[in-house]
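Offset between the sequence shown (1-based) and my numbering: plus 2.
Each residue gets a CB set at the ideal place from its N, CA and C atoms; glycine is no exception.
Read the structure below first, then the notes.
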Amino acid sequence: MTHVDEKFYLVRSDVLPESMRKTIEVKELIEREKVKTIFEAVQKVNLSRSAYYKYKDTVFPFQAMVKEKIMTLFFHLEDRSGTLSKLLAIAAEAGCNVLTIHQTIPIQGKANVTLSLDISSISYDVEKLIHRLRQLDFVDRVDMLSSGLS
Numbered sequence: 003m004t005h006v007d008e009k010f011y012l013v014r015s016d017v018l019p020e021s022m023r024k025t026i027e028v029k030e031l032i033e034r035e036k037v038k039t040i041f042e043a044v045q046k047v048n049l050s051r052s053a054y055y056k057y058k059d060t061v062f063p064f065q066a067m068v069k070e071k072i073m074t075l076f077f078h079l080e081d082r083s084g085t086l087s088k089l090l091a092i093a094a095e096a097g098c099n100v101l102t103i104h105q106t107i108p109i110q111g112k113a114n115v116t117l118s119l120d121i122s123s124i125s126y127d128v129e130k131l132i133h134r135l136r137q138l139d140f141v142d143r144v145d146m147l148s149s150g151l152s
């Protein structure tokens with residue numbers, strides 16, 4: 003679950019738990035097409051599939067995040083019908099590709115959404131995109147959690 007106070011850290015690989023390091027190895031094997039299936043990849047590095055699925059969307063090689071133009075935005079918004087589709091439409095209009103979406107269950111009429119966007123083809127600057135998103139009447143807050151921008 004995403005929390006408002008969630009933080010991200012740059013951590014040396016030798017202090018990561020083995021399952022996280024192996025998850026990155028699996029992702030690299032898949033990306034480099036050294037294996038045909040996730041099952042084959044987890045067997046090759048001796049990692050359980052459940053551990054892979056637990057960490058696959060949470061650990062990334064630092065170089066991959068910097069090399070790619072990936073931006074992660076956190077939204078605190080009112081729970082109304084169509085809010086997520088409006089956020090996605092604005093991202094698409096700007097030329098962004100949605101990589102991941104995480105939405106919490108609404109509590110007391112509010113929900114949290116985290117979007118990871120590929121902004122390599124964005125048609126205008128990031129500040130303008132964030133400004134447009136903040137102007138939506140159902141958005142209480144928008145924070146940039148991370149950015150692969152130079």
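For this session: List the endpoints of the continuous beta strand (DSSP E) containing residue 102.
Result: Residue 102 -> beta strand (DSSP E) spans 99 to 105.
Exercise. Does the separation of the CB atoms of residue 144 and residue 41 fall below 9 Å?
Worked result: At the C-beta level, residue 144 and residue 41 stay beyond 9 Å of one another.
For this session: Write down the C-beta distance between residue 154 and residue 120 rounded to the nearest angstrom, noting that I regard them as a contact closer than 8 Å.
Result: The question about residue 154 has no answer, for the chain in this structure spans 3 to 152.
Problem set entry | beta strand (DSSP E) segments (min. 3 residues) lying fully within the segment 122 to 152 | Note on the segment 122 to 152: whole beta strand (DSSP E) runs with a minimum of 3 residues are 141 to 149, in chain order.
Exercise. Can the beta-carbon of residue 111 be found less than 9 Å from the beta-carbon of residue 139?
Worked result: Taking 9 Å as the Cβ cut-off, residue 111 and residue 139 do not qualify as a contacting pair.
Exercise. Does the segment 23 to 34 come close enough to the segment 42 to 50 to have 3 or more Cβ pairs within less than 8 Å?
Worked result: In this structure the segment 23 to 34 lies against the segment 42 to 50, because at least three pairs of beta carbons, one per stretch, are closer than 8 Å.
For this session: Check residue 77 in the structure and name its three-state DSSP category.
Result: The answer is strand: DSSP assigns residue 77 an E or B state.
Exercise. Ends of the beta strand (DSSP E) at residue 118?
Worked result: Its beta strand (DSSP E) spans residues 112 to 120.
Exercise. Which partner residues of residue 109 appear in the DSSP bridge assignment?
Worked result: According to DSSP, residue 109 bridges with 112.
Exercise. Could you check where the alpha helix (DSSP H) with residue 154 kicks off and where it finishes?
Worked result: Given a span of 3 to 152 for the chain in the structure shown, any question on residue 154 remains unanswerable.
Exercise. Looking at residue 102 and residue 113, is the spacing between their C-beta atoms short of 9 Å?
Worked result: No, the Cβ-Cβ distance between residue 113 and residue 102 is not below 9 Å.
Exercise. When DSSP builds the beta bridges, which residues end up paired with residue 72?
Worked result: Per DSSP, 120.
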